[in-house]
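See below for the structure under consideration.
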Amino acid sequence: MNILFLSMHPAPYRDPVLKYAKGVLKEQMDIITLYPNQTTHTEWKLKLKEYEDIQMTKNKKVFRKFEFHPQIFSVLRKRKYDIAFIQGYMPLTSMFVYIYMKLKKRKIIYCVDTALNRFGSYKFRYINYLMAKNADALWVPGTASKLLWTLKDIPSNKIFEGLYTLDWEKIKKTNNIDQKNQIIEMTSNKYTYLFIGNFIESRNVLNLLEAYSAVCTKETALILIGKGEQFQEVNDYLEAHPTENIYLIPGLPFDEIHQFYLNADAYVHPGMEPYSVAVQEAVFAGLPVICTKEVGASLDFVREGINGLVIENNDIEKLKKALIKVQNIKPEKTIVSDIIQERGIDFAKKQFNSLLEFILSNKKEK
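Going by this note's numbering, the final residue of the sequence shown carries number 459, and the count climbs one at a time with no gaps.
Here it is, written out as structure tokens:
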């Protein structure tokens, strides 16, 4: 049995599972990295991966933004793959491998992170649906994605979770608590809210600024970390609406981010996201979380009133109230430990093993 995993780029939220899979399957598994020098967060400055992969070094634009990696031909010639993990329909390399495996009548595991939100044009959503529908199994991040695909008539026994996860024990061991960022020191005696992520329209960072500015006191602080197309707009807002104790940080290396979770008092995700590993890490760090119903990870990690609050998206008044109410929520260590056990790296490993067992046992929904 030979397995191909088509990976887009290095990602700290996916690499722990890939490391585990490669360790178990060894020479039976080839991990192909299509964009070895890219990531959705260039500021993370990711270190070397902890697993061996085959890197695609060249790609060609075929049509507009569609890219193809000619090296995939030699990869498929050298080895017969019985199973292929394919992440999404883009670039064209992914679609090519999907069609190739279908024509060869081999197994396809389609990896998708789309949750209960509508992203992209109808045409591309339909292509995504067809590829998911005709795959032998789906591997998704969590509950929201699984719910979506079952609503689209894909049998639930073909859908497995744990595609994205964090190795929390490893993060805690590698985090240097003695070297705190200066801003952490400045906010150590205040109730500190934290947001880390892309500054893009769907994240509603400006909503958070408006809500926080309305309810903040001298005893609170807000730290915003990230980059993106709205970064300058956020900066302009802060200049036009000076508010004490708001700190804007233009992205940090991934290894330096963890200390902010460990030193904040609450995490806020004011917008929309298919999953959100940031919410996962915040919960693992023991923070109460405010997020909207349109953050996929809320279904897996946030227990209303126990370790967080889930509110409507784009409701600034409810966000204001949540910022005040969350100060009374102190997640118990046993609750945090249970969630880590239920949805952490061990859960992801078990789901991966169950996924392979399902594929190898030839189970098919009639």
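Quick reminder that beta carbons are idealized off the backbone N, C-alpha and C, glycines included. Keep in mind it's a predicted model, so treat the numbers as computed, not measured.
Check: Are residue 277 and residue 338 touching if we call contact CB-CB under 8 Å?
Finding: Taking the first residue of the sequence shown as 1, we reach residue 277 at position 184. Taking the first residue of the sequence shown as 1, we reach residue 338 at position 245. No, Cβ-Cβ distance for residue 277 and residue 338 is not below 8 Å.
Next item on the list: Report the option in 155, 198, 202 and 193 whose CA atom is closest to the CA atom of residue 100.
Entry: Numbered from 1 along the sequence shown, position 7 holds the residue referred to as residue 100. Ranking 155, 198, 202 and 193 by Cα distance to residue 100 puts 202 first.
Notebook entry, point to check: Along the chain, where does the beta strand (DSSP E) that runs through residue 232 open and close?
Noted result: For the purposes of this step, residue 232 is identified with residue 139 of the sequence shown, where counting begins at 1. It spans 230 to 232 - the beta strand (DSSP E) in which residue 232 sits, taken as one unbroken run.
Next item on the list: Counting only the same chain and skipping the five closest in sequence on each side, list residues whose C-beta sits under 8 Å from that of residue 284.
Entry: Taking the sequence shown and counting its residues from 1, one reaches residue 284 at position 191. So the qualifying residues of the chain are 312, 313, 314, 358, 359 and 420.
Next item on the list: Determine the closest residue to residue 381 out of 340, 398, 133 and 412, with distance taken between C-alpha atoms.
Entry: As a working mapping, residue 381 is identified with position 288 in the sequence shown. If we check each option's Cα against that of residue 381, 398 comes out closest.
Margin query: Assuming contact is defined by CB atoms lying nearer than 8 Å, are residue 370 and residue 106 in contact in what I supplied?
Written below: In the sequence shown, the residue the question calls residue 370 occupies position 277. In the sequence shown, the residue the question calls residue 106 occupies position 13. Against a cut-off of 8 Å, the Cβ pair of residue 106 and residue 370 comes out as a contact.
Margin query: Taking only three categories from DSSP, how would you classify residue 256?
Written below: Walking along the sequence shown from the start, residue 256 turns up at place 163. Residue 256 falls in the coil class under three-state DSSP.
Notebook entry, point to check: If you draw a straight line from the alpha carbon of residue 225 to that of residue 235, how long is it in whole angstroms?
Noted result: Position 132 of the sequence shown, counting from 1, holds the residue named residue 225. Position 142 of the sequence shown, counting from 1, holds the residue named residue 235. Near 16 Å, if we compare the C-alpha coordinates of residue 235 and residue 225.
Next item on the list: Compare the beta carbon distance of residue 364 and residue 306 with 8 Å and say whether it is the shorter of the two.
Entry: Taking the first residue of the sequence shown as 1, we reach residue 364 at position 271. Taking the first residue of the sequence shown as 1, we reach residue 306 at position 213. Cβ distance not < 8 Å, so residue 364 and residue 306 don't count as in contact.
Next item on the list: Just the C-alpha distance for residue 410 and residue 304, rounded to the nearest angstrom, thanks.
Entry: Taking the first residue of the sequence shown as 1, we reach residue 410 at position 317. Taking the first residue of the sequence shown as 1, we reach residue 304 at position 211. Each residue's Cα considered, the two are about 7 Å apart.
Next item on the list: Tell me residue 100's beta-bridge partners as DSSP assigns them.
Entry: In the sequence shown, counting from the first residue as 1, residue 100 sits at position 7. In DSSP, residue 100 forms a bridge with 126.
Margin query: Nearest by alpha-carbon distance to residue 131: which of 151, 164, 102 and 119 is it?
Written below: Residue numbering aside, residue 131 sits at position 38 when the sequence shown is read from its first letter. When each option's Cα is compared against that of residue 131, the closest is 102.
Check: Would residue 139 pass as a contact of residue 286 if the rule is Cβ separation under 8 Å?
Finding: As a first step, residue 139 must be located in the sequence shown, where it is residue number 46. As a first step, residue 286 must be located in the sequence shown, where it is residue number 193. Not closer than 8 Å, so no.
Check: What are the boundary residues of the alpha helix (DSSP H) that includes residue 106?
Finding: For this step, residue 106 is matched to residue 13 along the sequence shown. Element bounds for residue 106: n/a, residue is neither H nor E.
Item checked: Start-end ranges of the beta strand (DSSP E) lying completely within the segment 283 to 366, minimum 3 residues -> 284 to 289, 313 to 318, 339 to 342 and 359 to 362
Next item on the list: Pull up the distance between the alpha-carbon of residue 319 and that of residue 231, whole angstroms please.
Entry: Counted from its first residue, the sequence shown places residue 319 at position 226. Counted from its first residue, the sequence shown places residue 231 at position 138. The straight-line gap from Cα to Cα measures roughly 31 Å.
Checklist line | Validate contact between the segment 340 to 356 and the segment 135 to 155 using beta carbons, cut 8 Å, 3 pairs | finding: These segments touch.
Notebook entry, point to check: So residue 149 and residue 126 are in contact, right, with Cβ under 8 Å, and what is the actual spacing, rounded?
Noted result: Looking up residue 149 in the sequence shown gives position 56. Looking up residue 126 in the sequence shown gives position 33. That pair is a contact at about 7 Å.
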